[in-house]
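Below is one structure, written out as structure tokens, with a few remarks after it.
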Amino acid sequence: MSASSSDSGRRRDSASRKAPAPPAVAVERLSVAFGGLRAVDDVTFDVPAGQRRAIIGPNGAGKTTLFNLIGGQLRPITGVVRLFGDDVTHRRVHQRARAGLARTFQITNLLTELSVWDNVLLAVAARHAPVRRLFWNALSRLDSVTGPAAELLRTWGLWTVRDHRVSELAYGQQRVLEIVLALAAQPRILLLDEPTAGLSKEEAGRMTEVAAALPGELTLLIIEHDMEVAFALADVVQVMAEGVVLATGAPAEIQRNDEVIAAYLGGARGDA
Amino acid sequence: MAALRGRWPTVVGVLAGVGLLTALPALVPSFYVTLSTRIIVIAMFALAFNVVFGMGGMHSLGHAAFFGLGGYTVGLGVTRWDWSFTVIVLVALALGAFVGLAYGILTQRTNGIYLLLLTLALGQAIWGLAFQQVEITRGDNGISGVTRELVPLVGTGALSYYHFVLLVALASTGSLWWFSLSPVGRAIVGTRESPTRMAALGFRVGLYRNIAFVVSGLFSALAGVLYTWHHRFVSPDALLWEMSAFILIVAIVGGANTFLGPALGAAVIISLEFWVSLHTQRWMTVLGLVYVLTILFLPEGIVGLGGRLRRRHASVDVPVIPEPTASRSGRSHE
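First to last, the protein sequences are chains A and B. Numbering (the numbering used here) for the first sequence: 3 to 274. Numbering (the numbering used here) for the second sequence: 762 to 1095.
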């Protein structure tokens, strides 16, 4: 971005066509600490647009903390977060969301006492700046909102339960609704934080299909404890332990990586 | 969706309610007209309060400030500054909105007990102004002789003032209902349910909290205007924290999770106050008991009583994880 800014407009145009597009997500020397513990310790990586990356690692590896840093729920003590080349390190959560970032939460985070329908309407309304500020028309009468909302609910099989309160849904349905809300804003980057957590084996299988059916152009980062799910979904697997990235590579490579095996079987970094 | 299906009963119910309220002075002795006026004013205050409390999930104990500011605008505007009706109402609305915004900004990052204490402090600061600026407000004595000459009434006396209050209250209730269904109104409810989820969706949570306080402050001040003209008197009591606590209890007893619950709470509590006061001096004790009993047995308020009976326990007969029908097409690798 800074390199091409000195070029003339015309040359920049042709240059940007040849130059690789900026990565969807780029983190650079990112660190955050809770008390004395470095939850994320000097982490650097790029995720190209359209990639599906699984982030795996034992509990306490810093995976969710990393998501919170990318999403803006946490601020790093050092380092930079870029989305499509834009430095968003100091932007707030809603600003990053408007830049095309959506996420689900490890612990289901929905508008619990509202209906499924209201949840999706609000999620769709979030992407229309004029609608977000409207205070004289009923939200449920805006065709520009109800149309996409109905389509989402039909696509994801929640149409028949649209009038139910979220708190009345089965847990598996709530996990799907998490993804539906994230998708409603038509994000370019989606962070899924353990979508199969707490689901039965069978439900987790369906959830994997759900995740696999996401649009291809979407850049997907997924935290997953279930190795089968992670390896099935991802183009690239990134292994984390104790706040650092141990290894990054294709699923087949990662499965053979000694360090990764050590992280899962024994102490994370050999001695300690 | 649900609103569309059950629309006719609602329309009939609203029309019947409005008709009954309009015809009320013809049906009951004039003393009850005065009582009903008071109920409607407090009901309107409770509905306005509930934008912050019920919709926004923010525990305010400082709403008397808006109410009292509206009240004092009338008191001072009529007796001291000779303002016209329009100016009085506009100044009251502006004050309510402005102080509402100040509340919103000053409490931006607080919740729960901290928000409660902060709004209490803000409210008491404004009460202190009225109490101590004796030269302007006459302090503890209050301002009496607030005549209704300015109020555009069809006739004179309690009866026509009742209809004036009813008209303003119905228009306000309609506006608030409309507002509560709007994207902004629904987003305020969303921030009550989960601020983190709303932020992650792209909503600027702080903005919606501020809007809730502004709208709530505006209509609370308007209720305060009606209140002062009703009693033809205003004193620092209208600004006192006890008024804030009273409106909080009214909303909780009626049912803060529903739109009209707080209005019902006002009707029940003020009727009860009237009836209890006929028999004993211990109204505050009774109010405390009513509050405790409500918390213990009707956590959703009086409205929750009906809701509990109607609550459908419909089974959700779709697969637990639904099969997506989205296609996998369009995936491309670089």
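All residues carry an ideal CB built from backbone N, CA and C; glycine is no exception.
Note to self: Which residue marks the beginning of the beta strand (DSSP E) containing residue 33 of chain A, and which one marks its end?
What the structure shows: Per DSSP, residue 33 of chain A is one residue of the beta strand (DSSP E) stretching across 27 to 36.
Check: Within 10 angstroms of its Cβ, does residue 974 of chain B collect 16 or more other Cβ (buried), or is it exposed?
Finding: With 16 or more other Cβ atoms within 10 Å, it is buried.
*Report buried or exposed for residue 120 of chain A, applying the criterion of at least 16 other Cβ atoms within 10 angstroms of its Cβ.*
Buried, because 16 or more other Cβ atoms sit within 10 Å of the Cβ of residue 120 of chain A.
Quiz item: Any Cβ of chain A within less than 8 Å of the Cβ of residue 944 of chain B?
Solution: Yes, residue 944 of chain B counts as interfacial toward chain A.
What's the C-alpha gap between residue 958 of chain B and residue 923 of chain B? Whole-angstrom Cα-Cα distance: 44 Å.
Listing by chain order, which chain B residues have their CB less than 9 Å from the CB of residue 120 of chain A? Neighbours of residue 120 of chain A across chain B, judged by C-beta separation under 9 Å: 947, 950 and 951.
- Task: Go to residue 79 of chain A, then tell me how far its alpha helix (DSSP H) extends in each direction, as first and last residue.
- Result: Where residue 79 of chain A is concerned, there is no enclosing alpha helix (DSSP H), because DSSP gives it neither an H nor an E.
Practice item. Verify the CB distance criterion: does residue 226 of chain A have a CB-CB separation below 8 Å to chain B? Key: It does not; no Cβ of chain B falls within 8 Å.
Using a Cβ-Cβ cutoff of 7 Å, what residues of the region 1002 to 1024 of chain B are near chain A? List them in chain order. Of all residues in the region 1002 to 1024 of chain B, none comes within less than 7 Å of chain A when Cβ atoms are compared.
Alpha-carbon spacing of residue 866 of chain B relative to residue 809 of chain B, whole angstroms: C-alpha separation (whole angstroms): 19 Å.
**Prompt:** Nearest-angstrom Cα distance between residue 1054 of chain B and residue 1064 of chain B?
**Reply:** Approximately 14 Å, taken between the alpha carbons.
CA-to-CA distance, residue 817 of chain B to residue 970 of chain B, given in whole angstroms
CA-to-CA, the gap between residue 970 of chain B and residue 817 of chain B works out to about 7 Å.
Q.
DSSP three-state label for residue 58 of chain A, please.
A. In the structure shown, residue 58 of chain A adopts extended strand secondary structure according to DSSP, grouped into three states.
- [ ] Name, please, each residue of chain A whose Cβ falls closer than 7 Å to the Cβ of residue 940 of chain B.
- [x] Under the 7 Å cutoff, chain A gives 137.
- Task: Would you mind listing the alpha helix (DSSP H) stretches within the region 910 to 959 of chain B that are 4+ residues and don't spill past its ends, in chain order?
- Result: If we require 4 residues or more, the alpha helix (DSSP H) runs fully inside the region 910 to 959 of chain B come out as 918 to 942 and 944 to 954.
Rounded C-alpha distance that separates residue 264 of chain A from residue 63 of chain A
Going by the C-alpha atoms only, they are around 14 Å apart.
Using only the alpha-carbon positions, how far apart do residue 1020 of chain B and residue 976 of chain B sit? Roughly 15 Å between the two C-alpha positions.
Check: Cβ atoms of residue 189 of chain A and residue 102 of chain A: under 8 Å apart, would you say?
Finding: Less than 8 Å divides the Cβ of residue 102 of chain A from the Cβ of residue 189 of chain A.
Residue 229 of chain A: first and last residue of the uninterrupted alpha helix (DSSP H) it sits in: Residues 229 to 235.
Review point. Helix or strand or just coil, what does DSSP make of residue 819 of chain B?
Key: It is coil, neither helix nor strand.
### Task
Could you check the C-alpha separation between residue 245 of chain A and residue 181 of chain A for me, to the nearest Å?
Answer to the nearest angstrom: the Cα atoms are 26 Å apart.
Just to make sure I have the definition right: I need the residues of chain A whose C-beta is within less than 9 Å of the C-beta of residue 957 of chain B. Which are they? For residue 957 of chain B, the neighbours in chain A by C-beta distance under 9 Å run, in chain order, 75, 95, 107 and 111.
Below 8 Å on the Cβ atoms is my contact criterion, and I expect residue 129 of chain A with residue 184 of chain A to pass it. Report the Cβ-Cβ distance as a whole number of Å. Rounded to whole angstroms, the Cβ separation of residue 129 of chain A and residue 184 of chain A is 12 Å, and the two are not in contact under 8 Å.
(request) Could you check if residue 240 of chain A is buried or exposed, using at least 16 other CB atoms within 10 Å of its CB as the buried criterion? (result) Sixteen is the threshold: when 16 or more other Cβ atoms of the shown chains lie within 10 Å of the Cβ of residue 240 of chain A, as they do, the residue is buried.
Apart from the five residues on each side of it in sequence, which residues of its chain come closer than 7 Å, Cβ to Cβ, to residue 40 of chain A? Counting only Cβ-Cβ distances below 7 Å, and skipping sequence neighbours, we find 33 and 245.
| task | Classify residue 87 of chain A as buried or exposed, calling it buried when 16 or more other Cβ atoms lie within 10 Å of its own Cβ. | result | With fewer than 16 Cβ atoms within 10 Å of its Cβ, residue 87 of chain A is classed as exposed.
Discussion item. With the cut-off set at 8 Å, would you say residue 815 of chain B and residue 883 of chain B are in Cβ contact?
Written reply: The beta carbons of residue 815 of chain B and residue 883 of chain B sit no closer together than 8 Å.
**Report entry** Backbone secondary structure at residue 1096 of chain B - three-state DSSP
**Finding:** Because chain B in this structure spans residues 762 to 1095, residue 1096 of chain B falls outside the shown range and cannot be described.
Taking only beta-carbon atoms, is residue 55 of chain A less than 8 Å away from chain B?
-> Contact with chain B is absent for residue 55 of chain A, since none of that chain's Cβ atoms lies less than 8 Å from the residue's Cβ.
Alpha-carbon spacing of residue 210 of chain A relative to residue 225 of chain A, whole angstroms: So the two alpha carbons sit approximately 12 Å from each other.
- Query: With DSSP run on the structure shown, which of helix, strand or coil describes residue 1005 of chain B?
  - Reply: Helix, per DSSP.
- Would you mind telling me which residues of chain A sit closer than 9 Å to residue 962 of chain B, beta carbon to beta carbon, in chain order? Using a Cβ-Cβ cut-off of 9 Å, residue 962 of chain B is close to 96, 99, 104, 124, 125, 127, 128, 129, 183, 184, 186 and 187 of chain A, given in chain order.
Point to revise | Within chain B, partners of residue 255 of chain A - CB distance below 7 Å | key: For residue 255 of chain A, there are no C-beta contacts with chain B under 7 Å, since the nearest C-beta of that chain is about 17 Å from it.
TODO: Quick one: grab the DSSP three-state call for residue 901 of chain B.
DONE: For residue 901 of chain B, the three-state secondary structure derived from DSSP is helix.
Based on Cα-Cα distance, which residue from B:904, B:1032 and B:967 lies nearest to residue 842 of chain B? Comparing Cα-Cα distances from residue 842 of chain B to each of B:904, B:1032 and B:967, the minimum goes to B:904.
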